[in-house]
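Undergrad: Provided herewith is a single structure, encoded as structure tokens, for subsequent inquiry.
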Amino acid sequence: MASHLKKHHRRLALPPLLALVLALGGCAGQMAYRDGNTLMAQDQVEAGLLKYQEALKAEPTNAEYRAAYVQARDRAAQGFIREAERQLADGQPELAEQGWRRALALDPANERARAGLRTLERNARQAKLLAIAREHVARGEYDLAKQRLNALLTETPSNEPARQLLREVTEKTAPSAVETGLAKAYKQPITIEFRDAPLKQVFEVISRRSNLNFVFDKDVKTDQRTTVLLRNSTVEAAIYFLLLTNQLEQQVMDANTVLIYPNTAAKQKEYQEMTVKTFYLANADAKMVANTLKTILKTRDVVVDEKLNLLIVRDNPEAIRLAERVIATQDMPEAEVMLEVEILEVKRSTLMNLGVQWPTSIGINPLTDLAGDLTVNELRNLNSDRILLSGISGAININKTDTDSNLLANPRIRVRNKQKANIVIGDKLPVITPTVSGGGLGGFASDSVTYVDVGLKLAVEPTIYLNDEIAIKVELEVSNLVSTLTTRNGSTAYQLGTRQASTTLQLKDGENQVLAGLINNEQRGTGNKIPGAGDLPILGRLFGTQRDDNQKTEIVLSITPRLIRNVQRPEASASEFSAGTDASFRRRPDFSARPAVQMPALPGAQPRPGVGAVVELAPPAQTAPVTLSPSQPSGPSPQQLQQQQFQQMQQQQQMQQQQQQQIQRQQLSQPTQPGQPAQPLQPAEQIAPPAEPAPPAAPAAPVEESPIPSVPPPVQDVPLSRGQPAPLPPASGQPRPLQ
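For reference, each letter of the sequence shown is one residue, going 67 to 805 in the numbering used here.
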């Protein structure tokens with residue numbers, strides 16, 4: 067019996083104990099929440115986060131604690147992530163990995179921290195691939211290096227070291243169009259000087275060195291004079307300048323044949339080849355790209371296939387090549403961003419109904435007869451047995467009700483750059499409106515139904531910048547049904563409560579922003595008490611009842627942008643390049659200096675007055691000869707030339723000395739004008755113009771062992787054998803020294 071009573075006593079004591087525990091837990095949660103707010107205000111994010119965890123552990127259903135905890139958690143995680151990104155940029159991947167893992171410990175679903183760890187893994191893998199590709203390049207295995215680099219760039223197109231290495235490999239392995247069509251003849255170095263020379267003669271010299279065949283149109287004036295002075299240039303540059311300055315154009319016929327024709331509209335239509343190319347676009351809009359080509363390149367033959375998103379272009383090869391580069395700058399993937407949105411409706415409702423509800427009125431009703439009438443005699447004999455009291459009723463009110471907030475939405479939406487995204491969560495309320503069509507007996511009534519959206523509506527439009535910042539235009543509207551109204555004609559209308567917010571903000575990648583302040587606060591108080599006594603403090607509750615109803619609602623919007631992909635800024639070479647002139651898209655050649663290569667003059671070429679030419683196509687075996695045109699002053703002094711010639715003289719044979727003596731005697735027959743600088747002799751590899759006619763001199767005595775015949779005066783230049791030194795120029799008024 068005693069045991070039974072003890073168990074019954076425990077069951078009776080359990081509810082009060084549970085209530086006490088819950089009350090203490092609520093107080094502990096409130097204290098932890100306040101401490102967390104204090105720590106967050108002091109920028110102690112991690113300590114404040116621990117306090118919010120304690121508060122949420124004490125009251126797991128408290129939405130206010132949950133919202134504060136989520137905000138503090140995101141703030142702490144973003145701090146770890148920003149520090150990790152800074153460490154990665156400073157070349158400290160180990161510390162960056164620790165930061166990202168700390169962020170994941172706080173928020174296991176943090177996509178930015180996961181992406182950071184994936185970036186570390188990808189960087190390590192790509193560094194290994196890049197090292198392997200460099201080894202392939204060092205061994206000359208360019209195909210294997212290309213495979214590694216293409217795989218690496220497919221995964222990460224912005225890897226600049228890999229792109230640079232791929233460009234180097236491509237330059238080494240893939241010849242350009244000119245090299246392929248002309249067997250690399252255009253890239254041969256050349257130094258050429260012609261003054262007022264026939265155009266045909268210049269092309270003959272270039273043809274001998276480059277092994278190119280030149281075919282001229284019948285309208286090309288091959289006898290027209292031209293002047294070209296190029297040193298350490300290329301065959302391509304020489305041909306380019308000749309064509310440009312003489313209004314000519316070229317057409318490659320085969321691997322070593324070039325057709326030269328006048329640069330006129332009629333000849334262009336006749337000779338210029340046209341190329342048709344199809345461009346498959348992966349990201350850009352075909353119509354927009356077509357308009358760009360028509361505006362920039364003046365391309366007329368462009369066909370757009372919107373279904374396949376491709377372009378078909380017909381133009382000359384130079385225009386096609388430029389179109390490829392223009393399209394490459396446009397056909398790039400658009401930037402995208404993931405928006406993490408959390409919308410909370412923080413609603414706190416408190417209802418307090420405490421006191422004694424006394425009757426508001428007492429009715430006295432005397433008992434009457436069956437007819438319900440009260441006579442005077444009965445009124446005289448009225449006593450307590452014949453009096454009925456009504457309305458005597460009361461109640462004791464002890465009631466308090468609290469409600470918490472609820473989560474409206476937590477969507478994650480992916481949006482392209484400058485595209486609008488909408489989120490609608492709620493109901494559509496029908497609004498019925500009766501209408502009558504026609505009149506009289508033939509009319510009929512009908513109902514028209516329209517719908518009104520009630521709930522949550524969110525519209526976002528991001529703008530992504532190249533510095534990884536995102537500007538977001540946000541429009542938020544939260545509506546609810548307040549009451550239903552019926553009009554006189556029977557139609558239904560609704561009274562809606564609406565709260566709206568519209569703003570534009572700019573955030574960094576992963577930065578969280580909380581928008582709050584859409585508050586609706588309602589306070590209602592109702593009292594039912596005895597006059598006078600009910601107004602007493604504390605004791606007034608015994609003489610009346612007080613009902614306090616407080617409702618506070620706040621809309622909180624938390625938004626965090628996560629950059630998925632940004633626009634890759636093109637390289638300088640891709641964003642700026644030569645596009646020819648208004649009249650032609652002719653490509654400018656490579657003008658980089660190269661070692662000069664000498665070439666002998668054409669056999670039998672006779673110089674004309676005022677005409678000079680120097681053609682150098684390879685560096686000499688020893689000291690480079692001094693090349694001076696007749697109009698240029700001498701460069702080295704006669705003493706320096708004399709020293710060089712005497713050094714070479716010791717290495718020559720007796721026959722060469724006799725030949726030099728004969729040449730010296732012939733040149734000494736030409737007197738030098740006083741004050742006029744001595745003109746140096748031209749080397750044998752040059753075609754030198756004649757000087758002014760000199761007075762005739764006595765013929766030199768013939769030398770039998772010399773294979774060179776005597777030349778009658780006036781003699782301007784005598785060709786020498788290759789490798790034979792040129793005679794020394796004499797000083798003014800002095801005879802030339804014998805070799």
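Note that the Cβ used here is the ideal one computed from N, Cα and C, for glycine as well.
For clarity, every value in this text was computed on a predicted model and none was experimentally measured.
Go ahead and pull the three-state DSSP assignment for V633.
TA: coil
Undergrad: Strictly by DSSP, which residues pair up with A263?
TA: For A263, which the question treats as bridged, DSSP gives the partners T292.
Undergrad: Once the 5 residues before and after Y517 are set aside, which same chain residues still bring their CB inside 8 Å of it?
TA: K494, L495, P496, V497
Undergrad: Do you know offhand how far V286's Cα is from V324's?
TA: 14 Å
Undergrad: Under the three-state reduction of DSSP, which class applies to K287: helix, strand or coil?
TA: Three-state DSSP puts K287 in coil, outside helix and strand.
Undergrad: Identify every run of the alpha helix (DSSP H) within the segment 165-238, keeping only runs that are complete inside it and at least 4 residues long; order them along the chain.
TA: 177-204, 208-221
Undergrad: Just verifying my parser: in three-state terms, what is the DSSP assignment at R100?
TA: helix
Undergrad: With 16 as the cutoff for other CB atoms within 10 Å, does E221 come out buried or exposed?
TA: exposed
Undergrad: Considering only DSSP beta bridges, list what L405 is partnered with.
TA: Beta-bridge pairing links L405 to I479, P627.
Undergrad: What are the boundary residues of the beta strand (DSSP E) that includes K539?
TA: First-last of the beta strand (DSSP E) with K539: 535-552.
Undergrad: Cα separation between L551 and A134?
TA: Roughly 39 Å separates the two Cα atoms.
Undergrad: In the DSSP assignment, find the alpha helix (DSSP H) that holds M319 and state where it starts and stops.
TA: From DSSP, M319 is part of no alpha helix (DSSP H) but of the beta strand (DSSP E) over 314-320.
Undergrad: Please list, in chain order, all residues of the same chain as L376 whose beta carbon is under 7 Å from its beta carbon, the five residues on each side excluded.
TA: T344, F345, Y346, L347, A352
Undergrad: Do three or more CB pairs link the segment 203-216 to the segment 167-176 at distances below 8 Å?
TA: no
Undergrad: Skipping 5 residues on each side, what residues in its chain have a beta carbon closer than 8 Å to that of V342?
TA: Cβ contact annotation for V342 (same chain, cutoff 8 Å, sequence separation greater than five): I378, V379, R380, in chain order.
Undergrad: Which of the three DSSP states, helix, strand or coil, is assigned to R152?
TA: Assigned with DSSP and collapsed to three states, R152 falls in helix.
Undergrad: Can you check whether the CB of T257 is closer than 8 Å to the CB of N216?
TA: no
Undergrad: Can you name the start and end residues of the alpha helix (DSSP H) that N357 belongs to?
TA: 352-362
Undergrad: Relative to the C-alpha of I538, which residue among R565, N578, R554, Q158 is closest?
TA: N578
Undergrad: For G530, write down the residues that DSSP places opposite it in a beta bridge.
TA: Here residue 530 is Ile; the residue named in the question, Gly, does not match the sequence. The partner list for I530 (beta bridge, DSSP) reads I536.
Undergrad: May I ask you to list the residues that DSSP assigns as paired with Q572?
TA: A537
Undergrad: Can you grab the Cα-Cα spacing for the pair R274 / Q267, in whole Å?
TA: 11 Å
Undergrad: Answer yes or no: do E408 and S624 have a C-beta to C-beta separation smaller than 8 Å?
TA: yes
Undergrad: For E226 and L308, I'd like the C-alpha separation in whole angstroms.
TA: 39 Å
Undergrad: Give me the Cα-Cα distance between G646 and L295, rounded to the nearest whole angstrom.
TA: 22 Å
Undergrad: When DSSP labels each residue in this structure, what does Q748 get in the three-state scheme?
TA: With a pLDDT of only 39 at Q748, under the threshold of 50, the placement of this residue in the model should not be trusted, and no figure is reported.
Undergrad: Should L265 go down as buried or exposed, given a rule of 16 or more other Cβ atoms within 10 Å for buried?
TA: buried
Undergrad: Please state whether DSSP places D614 in a helix, a strand or coil.
TA: strand
Undergrad: Measure the CB-CB distance between A199 and R180 and report whether it falls below 8 Å.
TA: no
Undergrad: With respect to the beta strand (DSSP E) encompassing F345, which residues constitute its N-terminal and C-terminal limits?
TA: 341-346
Undergrad: Any contact of the segment 121-134 with the segment 153-168, i.e. 3+ C-beta pairs under 8 Å?
TA: no
Undergrad: Please report the distance separating the alpha-carbon of N533 from that of A124.
TA: 43 Å
Undergrad: Which same chain residues, not among the five before or five after D367, have their C-beta less than 6 Å away from its C-beta?
TA: Cβ within range, chain order: R380.
Undergrad: Which two residues bound the contiguous beta strand (DSSP E) that contains P328?
TA: 323-328
Undergrad: Going by DSSP, what residue range makes up the beta strand (DSSP E) through R380?
TA: 376-381
Undergrad: Taking 7 Å as the limit between beta carbons, can you name the residues of its chain near F282, skipping five residues before and five after?
TA: T288, I326
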